[in-house]
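Peer 1: This is the structure I want to talk about, given as structure tokens.
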Amino acid sequence: IASIVSAVSVLVGFSWEHSFSGALVAVVSHTKTDPMATQFVLGLGVFALLERPWRRFILKRSMQLDALKAMRDEAAKAGKDRNPRHLYIQLPHNRPGPMPETAPDAGLSCWCGT
54 IASIVSAVSV LVGFSWEHSF SGALVAVVSH TKTDPMATQF VLGLGVFALL ERPWRRFILK
114 RSMQLDALKA MRDEAAKAGK DRNPRHLYIQ LPHNRPGPMP ETAPDAGLSC WCGT
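Mapping of the sequence shown onto my numbering: residues 54 to 167, in sequence order.
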């Protein structure tokens, strides 16, 4: 399932890139000024618009998952757990209100086992 999700996410990324490229060509073709400068400014604007959400959500979650993988690897090396994939990790939820208590330890909000 993980490989299917990865493949679909790559396809979604390519479709977004293709859509952006087509829109960019359409906008640049209607400008009277330098097309390269217009393309650069529009690309810079999209970067400025998307950089903060990327940093807040995607990069943050990627770093959390890297930490979870390191914890699993350490547990496997130490031999503490027969199946180190079943570990808790603190993942912030993006809903208002108190954090749900789904893990045995207070403050942990996501069961990350398979």
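Beta carbons are placed, not taken as given, at the ideal position from N, Cα and C, and that holds for glycine.
1) Give the DSSP-derived three-state secondary structure of Gly98 in the structure shown.
2) Do Val81 and Thr91 count as a contact pair if the criterion is CB distance below 7 Å?
3) Rounding to the nearest angstrom, what Cα-Cα distance links Gly98 and Glu104 in this structure?
4) Let's test the definition: count the other Cβ atoms within 10 Å of the Cβ of Arg125 and tell me whether it reaches 16, buried, or not, exposed.
5) At the level of alpha carbons, what is the spacing between Val63 and Leu112?
6) Tell me the DSSP secondary structure of Lys130 in three-state form.
7) Please work out which residues of its chain come closer than 8 Å, Cβ to Cβ, to Thr84, disregarding the five sequence neighbours upstream and downstream, and give them in chain order.
Peer 2: From the atom records:
1) helix
2) yes
3) Pairing Gly98 with Glu104, the inter-Cα distance amounts to about 10 Å.
4) buried
5) 17 Å
6) helix
7) Thr91
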